[in-house]
Structures are given as C-alpha cells and as structure tokens.
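Okay, structure first, notes after.
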Amino acid sequence: MARAPRSVKGTRDLLPPETAVWAAVEQTARDVFARYGYREIRTPVLEETELFVRSVGETTDIVGKEMYTFPDKKGRSLTLRPESTAAVARAFIEHGLTSWPSPVKLFYMGPQFRYERPQKGRYRQFHQIGAELLGDPGPWSDAEVLLMLVRFLGELGFTSPTVLLNTLGDEASRAAYREALHAFLAPQREALGEDSRRRLETNPLRILDTKVPAERELLAGAPELAEHLNAESREHFDAVRRVLDRSGVAYRVDPRLVRGLDYYTRTVFEITAEGLGAQNAIVGGGRYDRLIADLGGAEVPGIGFAIGEDRLVEVLPEPFRERASAQPWVVVAALGEVGGGEALLLAEELRAAG
Ligand code: AMP
Numbered sequence: 217m218a219r220a221p222r223s224v225k226g227t228r229d230l231l232p233p234e235t236a237v238w239a240a241v242e243q244t245a246r247d248v249f250a251r252y253g254y255r256e257i258r259t260p261v262l263e264e265t266e267l268f269v270r271s272v273g274e275t276t277d278i279v280g281k282e283m284y285t286f287p288d289k290k291g292r293s294l295t296l297r298p299e300s301t302a303a304v305a306r307a308f309i310e311h312g313l314t315s316w317p318s319p320v321k322l323f324y325m326g327p328q329f330r331y332e333r334p335q336k337g338r339y340r341q342f343h344q345i346g347a348e349l350l351g352d353p354g355p356w357s358d359a360e361v362l363l364m365l366v367r368f369l370g371e372l373g374f375t376s377p378t379v380l381l382n383t384l385g386d387e388a389s390r391a392a393y394r395e396a397l398h399a400f401l402a403p404q405r406e407a408l409g410e411d412s413r414r415r416l417e418t419n420p421l422r423i424l425d426t427k428v429p430a431e432r433e434l435l436a437g438a439p440e441l442a443e444h445l446n447a448e449s450r451e452h453f454d455a456v457r458r459v460l461d462r463s464g465v466a467y468r469v470d471p472r473l474v475r476g477l478d479y480y481t482r483t484v485f486e487i488t489a490e491g492l493g494a495q496n497a498i499v500g501g502g503r504y505d506r507l508i509a510d511l512g513g514a515e516v517p518g519i520g521f522a523i524g525e526d527r528l529v530e531v532l533p534e535p536f537r538e539r540a541s542a543q544p545w546v547v548v549a550a551l552g553e554v555g556g557g558e559a560l561l562l563a564e565e566l567r568a569a570g
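Numbering (the working numbering), first residue to last: 217 to 570.
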C-alpha cells in the first residue's frame, strides 16, 4: 500500500495553539512598525532567478547552493524567494516608488525558501518578518531601525537582546580592505579549505564568516576592517553608535561580522538569542546603498533587516507565549432533547454581543 503523504523535508505544519503565538508575534510587529511609519508590502513568492543572482550575489551560499530554482513550462528560470530584500527592491523600482515621499518605509512577513540541511532552528521553508527603509543615506535611519527592532523584541518580553554591530564602510573602504585581506591570506592559501580558497579570489570578506577552527585561528592575525575605513565611513558609524549609546541600547561591536549577502555596505548587524544552539541569530540586517542602483533603479540608499520568525518563536519569553495562547472560554451546557438548539441560540447571542 502507498504510504500516506508527508510534508516535504525541511518544511513543517504549524498547528494551534502554536499558530496563535505566531499571530500574536506578527500583530506585535505590525503595531510597533506602524509607530515608526512602516506600511506593509506583499511580494510574490516566485521571482526571476536573475534577481537574486544580481543582488544577493553569485558567490554567496544562498545563490550558489541553496536556491529552489526551476524552469517553468516556457523554460524561464524561476526561484522561490530565499529572502525578501531583493524582491522589495525590485518592486520599489518596478512601481516607481522614488516618486513617494522619502524615505519609503515598508515591512513584510512571509515564507522564504533555502535548500539547507535541516536542523534545530533551520528549515527549508522558514518565515521572516522584515522591514526596509529606502531613500535616506544618513546614520539616524540606521539607528532608528535598530531602535525599532529593540522595541519590538522588548514588547515580546526579551529584556536584553544581544545586538552585534559592525560597519563594512563605503565602497572605497571595502575595496581597500578587500585588497589588504587578500594580501594577508594569499601567501597562506594552502592552509585554507576549498571553500575559502575559492572565496579568496571571488569575495575574500566572506572568509571572515568561516566556522572552520583552523581558519579562524589564521584570521586572528588578519588586518581589521576598522583600520581601512575612510573618515566618512567612520563618522557614519560613530553617529549610529552615539544614538544607540544615548538610547541605552546595549550592543557589541563585532569586527568580524560581515553577513553573508553581497549587497551590504556600511552598517551591518545581527541579534542573537540564547537557547538556539549554533543557529542563534534571530535577526540579520544592514545598509545596502548600492542595491537599487545595481538592479537598474535610481541611486536610492536603503537599510533593513529580517527577523527569523521560526527561531524567534522558539525562544519567545514564556509570559508572551502564555498570553498569546490564552483563550476566553464560555461553556454553554446543553441538556435534554431541545437543549442543543437552545444552547446554540444562546451561544449566538453571546457571539453577537462580542
Ligand atoms: P538572512 O536573510 O540570512 O540574513 O537571515 C535572517 C534571519 O533569518 C536569520 O537570523 C535567521 O533567524 C533566519 N533564517 C535564515 N535562514 C533560516 C533557515 N534556513 N531556517 C530558519 N531561519 C532562518
């Protein structure tokens, strides 16, 4: 006999009461983001493959190994979105949102797809809640985005999320650093693994992301990005930090934080949470001043983040979870032959009264 159908590996069903917790998290995001002037955007789950190749970057793991890409019936290459910033950027250009009052503030929530090895906190269909601020190059926007995130997490009951912060500098700083890192690593090429050896030529910054212990040791002596920042990049980063300091947001500068996507410039950040093991990042984000222009749009800078909703729900503080899954119950007990009908009508009266 054929076995009963099962869900696809790396995907899962969300059942009640867990779905109520998800809905409450999403409602909190809507409430908090609205206070900062964000409005919702919904983009398709399917995009042309080219969009992600051009934005996320050909040499990244996402594009190189993890995308659900297939030809449609006419042979066009389509991809299930692995992230949504690129899709928002595409929509921004396609609908001419440069004509809207600037900055344009958009949030989204929905499933993303990456062909990764499933484990705790890592799925092939996962969910992100994200926001993008488009049109302002200044450091106050970076700070505002981070304050919004910390407020959102605070309203869920996270008391002291760990914010990791770094700057990649502008393009000139980044190029100078890329060269310095390459010069440092090239003579030690043989000590690098296959992946890193490839990255050395394509995208050496990505090597800083490595989890290989021997490579991490080697990197301990590597030049620091901070030493290659030009004055403007440094001032931008300092301004972000000054606002955070004044707001009392706890953060740690992590000079090794580079993030895995190609489009980031200047400020990048991650927020991690306890209790998730190796997959402990619940938020990732950063500034992407070149993305819209690189995709063929105007020179519009942007900054944004994506929250991993699956992971967030896994480590959600208990009081929020309890409140979210509590249901007001009224029991109408039906007795006897006619009781069922009477009980139904009585219940309807209660429902009509809200
Ligand atoms: P990224 O788009 O890679 O910057 O990821 C942003 C956030 O999405 C991460 O911090 C995770 O919380 C979450 N995330 C990324 N990939 C996965 C996955 N395969 N499964 C679950 N959550 C993920």
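Glycine residues also receive a C-beta, built at the ideal position from the N, C-alpha and C atoms.
Per DSSP, cross-strand counterpart(s) of residue i
i, result
"Arg338", "Gln335"
"Lys321", "Leu349"
"Glu264", "Leu294"
"His343", "Pro327"
"Val546", "Looking at the DSSP assignment, Val546 forms no beta bridge with any residue, so it has no partner."
"Ile523", "Ile345 and Val499"
"Glu256", "Phe323"
"Gly354", "Gly354 pairs with nothing; no bridge assigned."
"Thr383", "Thr483"
"Thr227", "Beta-bridge pairing links Thr227 to no other residue."
Within 8 angstroms, strictly: CB atoms of residue i and residue j
i, j, result
"Ala430", "Ala407", "yes"
"Ala559", "Ala550", "yes"
"Leu350", "Leu473", "no"
"Pro334", "Lys225", "yes"
"Lys336", "Tyr254", "no"
"Val211", "Glu486", "The requested residue 211 does not occur in the structure, where the chain is confined to residues 217 to 570."
"Thr265", "Thr285", "yes"
"Arg270", "Asp510", "yes"
Residue i beta carbon near ligand 1 (any heavy atom closer than 7 angstroms)
i, result
"Glu263", "no"
"Phe368", "no"
"Ile498", "yes"
"Glu242", "no"
"Ala245", "no"
"Gln543", "no"
"Gln335", "no"
"Arg503", "no"
"Asp485", "Rather than Asp, the amino acid found at residue 485 in this sequence is Phe. No, since every heavy atom of ligand 1 falls outside the 7 angstroms radius drawn around the Cβ of Phe485."
"Arg342", "First, the amino acid is wrong: residue 342 is Phe here, not Arg. Yes, since a heavy atom of ligand 1 falls inside the 7 angstroms radius drawn around the Cβ of Phe342."
"Asp526", "yes"
"Gly476", "yes"
"Ala522", "yes"
"Glu299", "yes"
"Arg330", "yes"
"Arg405", "no"
"Tyr467", "no"
"Arg506", "no"
"Arg338", "yes"
For this session: Scan the region 275-315 and note each continuous alpha helix (DSSP H) run of 4 residues or more that stays entirely inside, going in chain order.
Result: List check, alpha helix (DSSP H) in window: 301-310.
Exercise. Unbroken alpha helix (DSSP H) runs of length 4 or more, entirely within the region 420-508: which are they?
Worked result: Taking 4 residues as the shortest admissible run, the region 420-508 contains the following complete alpha helix (DSSP H) segments, listed from N- to C-terminal end: 429-435 and 447-463.
Problem set entry | Cβ contact (3+ pairs, closer than 8 angstroms) linking the region 403-422 and the region 346-360 | The region 403-422 makes no contact with the region 346-360, as fewer than three CB pairs between them are under 8 angstroms.
Exercise. Are three or more beta carbon pairs between the region 382-397 and the region 438-451 nearer than 8 angstroms?
Worked result: Yes: at least three Cβ pairs fall under 8 angstroms.
Exercise. Is the number of C-beta pairs between the region 417-425 and the region 363-382 that are closer than 8 angstroms three or more?
Worked result: Because the criterion of three Cβ pairs below 8 angstroms is not met, the region 417-425 and the region 363-382 do not touch.
Exercise. Any chance the region 308-325 sits against the region 266-276, with 3 or more Cβ pairs inside 8 angstroms?
Worked result: Contact fails: fewer than three Cβ-Cβ distances are below 8 angstroms.
For this session: Give a yes or no on contact between the region 489-497 and the region 294-307, applying the rule of three or more CB pairs nearer than 8 angstroms.
Result: By the Cβ criterion, the region 489-497 is not in contact with the region 294-307, since fewer than three pairs of Cβ atoms, one from each stretch, lie closer than 8 angstroms.
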